[in-house]
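Student: One structure coming up, written as structure tokens, with questions to follow.
The following block contains the structure:
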């Protein structure tokens with residue numbers, strides 16, 4: 114099986130060399146085999162009007178670059194507040210309470226990085242932002258399995274197909290299903306019987322934030338660690354038998370190690386970002402929780418700086434994870450701001466809330482016990498426009514903060530543009 118996976122790309126070289134230039138989805142379909150991208154490819158090819166994604170979502174795969182590869186120091190070295198930039202960003206939160214925490218890195222000029230923060234060390238339940246830890250985990254295990262063969266890693270992602278099983282349920286988020294032969298796109302919840310490639314499960318996890326997909330990808334990262342070379346030929350039945358036969362406490366320990374150790378290797382402490390368990394009840398039937406989940410703007414900023422440096426696992430993994438975070442699905446919350454329409458955005462959002470009906474004033478995404486909403490984003494405006502990273506985490510009770518995140522996005526973007534103009538005018 115491994116030899117077959119290694120051979121497949123050679124047969125595709127001729128096809129890839131004749132691919133049309135265009136959006137990331139056009140490049141991405143042949144590379145990954147993600148059917149959702151084939152749907153977008155057809156829309157672009159046939160010039161069909163499509164308003165779901167803005168102009169900034171149509172980058173070529175070759176346009177996606179890592180911006181901080183020249184920076185060799187640890188991430189924390191670049192997280193020192195710039196007095197003027199701190200004043201500008203801090204002023205945007207005047208009058209707001211301590212429920213807002215943020216870290217911002219302006220990397221428009223990579224020789225003069227500027228950092229600002231507010232309550233950056235405060236811990237929040239990260240919600241779906243925690244799925245980025247799973248993304249890191251599977252790329253970490255792929256690197257350990259094939260340290261000197263990037264092609265083998267990509268092939269495993271594209272051609273290894275796994276069944277969702279009980280880990281895939283239950284989640285209310287739908288996943289896109291595109292039937293290429295019938296040219297029909299539908300959306301539904303993930304099912305135990307679903308079989309997708311690793312790339313497709315990852316796409317479902319990041320692009321549409323499906324919890325079932327997150328649990329499946331987490332499971333596969335764990336199985337990669339446990340089975341090593343045997344994973345190439347591992348069947349779904351053998352995988353499930355291992356979960357049934359292995360002591361639950363040992364499975365839990367290994368799962369916690371797989372998803373959190375790569376974060377520690379990037380200099381992110383346990384209090385800055387950790388993932389405590391699976392995203393579905395189906396997954397928790399086999400794997401327990403450990404330590405709880407927490408995230409902070411500081412920890413998440415460390416991750417994104419490592420990503421831009423090419424130090425999140427390695428440079429090729431970092432670049433591929435950035436491509437996966439590139440938004441070619443509908444933008445929401447912070448990323449929905451029309452000030453970002455022309456920009457490329459690499460984004461993950463998450464929420465987690467709880468209601469106590471006896472206290473009143475509660476609803477969807479408007480919890481009155483806790484109401485976490487989190488946005489992490491890399492923004493890259495075209496040409497010489499601003500390039501920056503934002504990690505925003507909030508816990509505003511009884512209010513859906515999606516609109517607040519959107520408005521803050523516009524104000525932060527304007528502030529960074531003004532900073533860029535001031536720097537250019539003064540020649541600093």
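In this note's numbering, the protein residues as written are 114 to 541.
Note that the Cβ used here is the ideal one computed from N, Cα and C, for glycine as well.
All values derive from a computational prediction rather than experimental measurement.
Using the Cβ count rule (16 or more neighbours within 10 Å means buried), how would you classify residue 55?
Tutor: The shown model of the chain, from 114 to 541, leaves out residue 55, and the question about it has no answer.
Student: Does the count of Cβ pairs from the region 452-466 and the region 330-349 closer than 8 Å reach three?
Tutor: no
Student: When burial is assigned at 16 or more other CB atoms within 10 Å of the CB, is residue 331 buried or exposed?
Tutor: With 16 or more other Cβ atoms within 10 Å, it is buried.
Student: In this structure, how does DSSP classify residue 233 when only helix, strand and coil are distinguished?
Tutor: coil
Student: Hey, quick one: how far does the beta strand (DSSP E) through residue 493 stretch, first residue to last?
Tutor: 483-493
Student: Tell me whether residue 194 sits in a helix, a strand or coil according to DSSP, three-state version.
Tutor: strand
Student: Can you have a look at residue 208 and say buried or exposed, based on whether 16 or more other CB atoms are within 10 angstroms of its CB?
Tutor: Classification of residue 208: exposed, given that the 10 Å Cβ count is below 16.
Student: Got a sec, what are the start and stop residues for the beta strand (DSSP E) residue 467 sits in?
Tutor: 457-467
Student: Verify whether the separation of the beta carbon atoms of residue 322 and residue 286 is less than 8 Å.
Tutor: yes
Student: Give a yes or no on contact between the region 402-411 and the region 267-283, applying the rule of three or more CB pairs nearer than 8 Å.
Tutor: no
Student: Closer than 8 Å is the cut-off here; do at least three beta carbon pairs connect the region 516-524 with the region 448-460?
Tutor: yes
Student: Residue 369 by DSSP, collapsed to three states: which one?
Tutor: If DSSP states are grouped into helix, strand and coil, residue 369 belongs with the helices.
Student: Let's test the definition: count the other Cβ atoms within 10 Å of the Cβ of residue 354 and tell me whether it reaches 16, buried, or not, exposed.
Tutor: exposed
Student: Near residue 511, which residues of its chain fall below 6 Å by C-beta distance, leaving aside the five closest residues on each side in sequence?
Tutor: For residue 511, where only same-chain residues beyond five positions count, the Cβ hits under 6 Å are 474, 479 and 481.
Student: Which first and last residues belong to the beta strand (DSSP E) in which residue 503 is found?
Tutor: 500-508 is the span of the beta strand (DSSP E), which, as asked, contains residue 503.
Student: Classify residue 294: buried if its beta carbon has 16 or more other beta carbons within 10 angstroms, exposed otherwise.
Tutor: exposed
Student: Is any heavy atom in the ligand MG found nearer than 7 Å to the beta carbon of residue 271?
Tutor: In the structure shown, the ligand MG is absent, as is every other ligand, since no ligand is present at all.
Student: Between residue 528 and residue 492, is the Cβ-Cβ spacing less than 8 Å?
Tutor: no
Student: Tell me whether residue 126 is buried or exposed, calling it buried when 16 or more other Cβ atoms sit within 10 Å of its Cβ.
Tutor: With a pLDDT of 29 at residue 126, under the threshold of 50, the modelled position of that residue is not reliable, and the figure given next carries that caveat. Residue 126 is exposed by the Cβ-count criterion.
Student: Indicate the three-state DSSP secondary structure (helix, strand or coil) for residue 315 in the structure shown.
Tutor: helix
Student: Can you find a C-beta in chain D that's less than 8 Å from the C-beta of residue 242?
Tutor: Here there is only one protein chain, and chain D is not present.
Student: Which runs of the alpha helix (DSSP H), 4 residues or longer, sit entirely within the region 336-361?
Tutor: 349-358
Student: Taking only three categories from DSSP, how would you classify residue 530?
Tutor: helix
Student: Check residue 287 in the structure and name its three-state DSSP category.
Tutor: strand
Student: Determine whether the beta carbon atoms of residue 399 and residue 364 lie at a separation below 8 Å.
Tutor: yes
Student: Reducing DSSP to helix, strand and coil, say where residue 293 ends up.
Tutor: If DSSP states are grouped into helix, strand and coil, residue 293 belongs with coil.
Student: Kindly indicate which three-state DSSP category residue 523 falls into: helix, strand or coil?
Tutor: helix
Student: Could you tell me which residues DSSP pairs with residue 300 in its beta bridges?
Tutor: 289
Student: For the alpha helix (DSSP H) holding residue 149, just list the boundary residues, first then last.
Tutor: 148-158
Student: Expressed to the nearest angstrom, what Euclidean distance is found between the alpha-carbon atoms of residue 461 and residue 201?
Tutor: 25 Å
Student: Within this structure, are the beta carbons of residue 325 and residue 284 separated by less than 8 Å?
Tutor: yes
Student: Is the beta carbon of residue 385 closer than 8 Å to that of residue 409?
Tutor: A contact, by the Cβ cut-off of 8 Å.
Student: With a cut-off of 8 Å, do at least 3 Cβ pairs link the region 409-427 to the region 231-239?
Tutor: yes
Student: Looking only at its chain, what residues have a beta carbon closer than 8 Å to the beta carbon of residue 436, apart from the 5 residues adjacent to it on each side?
Tutor: Within the same chain, residue 436 has close Cβ partners 137, 141, 174 and 177.
Student: Sort out for me which residues DSSP pairs residue 219 with in a bridge.
Tutor: Residue 219 pairs with 227 and 501.
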